[in-house]
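**Q** What the sequence shown shows, in our numbering, is residues 5 to 86, in sequence order.
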Amino acid sequence: MKITYVSASNSIAEWGNKKAVMARYEGLNIYTLNRWLSEMRGISRFRGGVINPTHKLVWINFEVFEEYLRWKQLGKRMDKQR
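(1) Rounded to whole angstroms, what is the Cα-Cα separation between residue 85 and residue 79?
(2) Opposite residue 55 in the DSSP bridges: which residues?
(3) Does the distance from the CB of residue 31 to the CB of residue 60 come in under 8 Å?
(4) Exposed or buried, which one is residue 56 when buried takes at least 16 other CB atoms within 10 Å?
(5) Pull up the CB-CB distance for residue 69 and residue 46, whole angstroms please, since I reckon it's below 8 Å.
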């Protein structure tokens, strides 16, 4: 899977829906995003970056999402070193 970062036209925005996140990270599919959001909700450090005001509406903080991706990358590197 190849994921490319693409800056959205409204790069000032702090929060966005799933479509906005997928627009910023070209190549990211909805299934992977849903898995990652579920994982973020389960980790107290990243829980505040996902808001579900209703069961169909979700808002993701772009900065927290990027921090999660960097954390995830470091976690995988640490696993390979062990």
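The beta carbon of each residue, even a glycine, is placed where N, CA and C say it ideally should be.
As the structure is a computational prediction, the values presented were derived from the model and not from experiment.
**A** According to the structure data:
(1) Mapped onto the sequence shown, residue 85 falls at position 81. Mapped onto the sequence shown, residue 79 falls at position 75. Legend: pLDDT at residue 85 = 48, less than 50; position of this residue unreliable, value from coordinates given subsequently. Between residue 85 and residue 79, the C-alpha separation is close to 10 Å.
(2) Mapped onto the sequence shown, residue 55 falls at position 51. Residue 55 pairs with 63.
(3) Here residue 31 is taken as the residue at index 27 of the sequence shown, counted from 1. Here residue 60 is taken as the residue at index 56 of the sequence shown, counted from 1. No, they are not a contact pair.
(4) Reading the sequence shown from its first residue, position 52 is the one you call residue 56. Label assigned to residue 56: exposed.
(5) As a position in the sequence shown, residue 69 is number 65, starting the count at 1. As a position in the sequence shown, residue 46 is number 42, starting the count at 1. Wrong, their Cβ atoms sit about 15 Å apart, outside the cutoff.
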